[in-house]
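Colleague:
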Amino acid sequence: MGAVILKRSDVNEDRIPNLCICCGKPATARPTKTFSKRQEWTNTMLFLGGVPYFACAALFRNYATMSTPLCDSHRNHFRWQSAIFWGGLAIIATLLIGCFAMIPHMPDKILQNCFAGTGIFALLWVIAYVINNFVSVTAAKVDDHEILLVGVADRFANACNRRSSDYVDEVEEASHFQFARR
Ligand SMILES: [Zn+2]
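Sequential numbering of the sequence shown, starting at 337, is according to the working numbering.
(1) Count the other CB atoms, across all protein chains shown, that sit within 10 Å of the CB of residue 518; report buried if there are 16 or more and exposed otherwise.
(2) Output yes if chain D places a C-beta closer than 8 Å to the C-beta of residue 409; else output no.
(3) Buried or exposed, going by whether 16 or more other CB atoms sit within 10 Å of the CB of residue 355?
(4) Would you kindly work out how many angstroms separate the C-alpha atoms of residue 473 and residue 432, rounded to a whole number?
(5) Inspect the beta-carbon positions of residue 495 and residue 485 and report whether they are closer than 8 Å.
(6) Rounded to a whole number of angstroms, what is the C-alpha to C-alpha distance between residue 361 and residue 442?
(7) In terms of DSSP beta bridges, what is residue 399 paired with?
(8) When you measure from the CB of residue 406 to every non-hydrogen atom of ligand 1, does any distance come out below 7 Å?
(9) Indicate the three-state DSSP secondary structure (helix, strand or coil) for residue 466 in the structure shown.
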């Protein structure tokens, strides 16, 4: 697994190699995916505590939408990521609503067990989400000029780097040619 810096201009003009971003095999699909990363200043909110930090990290984000090349085996890669995050969140919300709804009807002992069960599920969900983030393609940095993706296939990263150096060579060659003609 590697990392690659993509220029915004390459992403916007879809100059991304047609190799699976996960394994480097020839891609068979290019679904649109929006990567996002919290804005760096939101780190300072940690001093104010967990809730302001997570609220700002969720609200103040930079986004980059790109067509992501994927092979047949990895065509659902980003769907799994979303399913784990949103599916887990929906289950936790439902469990919490259920626990609160039972407060007037159940003895304290059972309620304690229900809330403890929800807490254990939430903890497992966080662990699953963190592990999934480590093995998935995610954005480590998104700004106005570039996007740093981590967890990409080395072959994909090499192809991107080769392509951008070819592009620089082409631009240099073109400017030399223009200069020579003057
Ligand atoms: Zn693949």
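No residue lacks a Cβ here, since even glycine has one placed at the ideal position from N, Cα and C.
Modeller: Working from what's here:
(1) Confidence in residue 518 is poor, its pLDDT being 48 and thus under 50, which makes the residue's placement too unreliable to answer from.
(2) The chain inventory of the structure shown lacks chain D, comprising one protein chain alone.
(3) The residue in question, residue 355, is buried, as its Cβ has 16 or more Cβ neighbours within 10 Å.
(4) So the two alpha carbons sit approximately 31 Å from each other.
(5) Taking 8 Å as the Cβ cut-off, residue 495 and residue 485 do not qualify as a contacting pair.
(6) Linking residue 361 to residue 442 through their CA atoms gives a straight-line distance of about 56 Å.
(7) Per DSSP, 372.
(8) Answer for residue 406: yes, Cβ within range of ligand 1.
(9) Correct three-state label for residue 466: helix.
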